[in-house]
Amino acid sequence: CGLRVSELVGLKLSCCYFDEEYILVEGKGSKQRLVPISAKALREIHTWMQCRSQMSNIRKGQEDFVFLSKQGRALSRSMVFRLIKDLAMRAGVQKNISPHTLRHSFATHLLEGGANLRVIQQLLGHESILTTEIYTHLDRQFLRSQILDFHPRNQK
Numbered sequence: 002c003g004l005r006v007s008e009l010v011g012l013k014l015s016c017c018y019f020d021e022e023y024i025l026v027e028g029k030g031s032k033q034r035l036v037p038i039s040a041k042a043l044r045e046i047h048t049w050m051q052c053r054s055q056m057s058n059i060r061k062g063q064e065d066f067v068f069l070s071k072q073g074r075a076l077s078r079s080m081v082f083r084l085i086k087d088l089a090m091r092a093g094v095q096k097n098i099s100p101h102t103l104r105h106s107f108a109t110h111l112l113e114g115g116a117n118l119r120v121i122q123q124l125l126g127h128e129s130i131l132t133t134e135i136y137t138h139l140d141r142q143f144l145r146s147q148i149l150d151f152h153p154r155n156q157k
């Protein structure tokens, strides 16, 4: 759902409202925002929570974190970076992939799917819409189709 890696590793169960399908995220500058969670993401989180409930080594003070390491501690930013790199390599992805790459992709996919830039700004927790515009990389073919589909002089 486009979280910053620091927001992901800091996500707490007490801020997850799975029945209502949203999470309360603490972003930069301790600013909070509500972020909806898709049905697919909820299914994956539910699967993780089943695995997590079997963990007998959750460290004191770590119980409220959603994502934990095998050692029962909250994941660190570097652990998430390594995990993404490893999964990308296993999938045969040659490009340099990071959690931030996924955040950019999330924003771009939303925009290409027709989401309003202001909505994307809110979801990403950007103070300025200019930052959001940097995140949204539109493919040339998509831009061409938008001109052909929506410019009045191209209408039949």
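Just so you know, the sequence shown maps onto residues 2 to 157 in our numbering. Note that the Cβ used here is the ideal one computed from N, Cα and C, for glycine as well.
Nearest by alpha-carbon distance to C17: which of Y136, K61, G114, V67 is it? V67
Output needed for I38: all residues of its chain with C-beta closer than 8 Å, excluding positions within five of it in sequence on either side, in chain order. C2, F19, E22, Y23, I24, I46
Whose C-alpha, out of E134, G126, L149, is nearest the C-alpha of L118? E134
Under three-state DSSP, which class holds Q33? strand
Using beta-carbon positions only, say whether K32 and G126 come within less than 8 Å of one another. yes
What three-state label does DSSP hand K86 in the structure shown? helix
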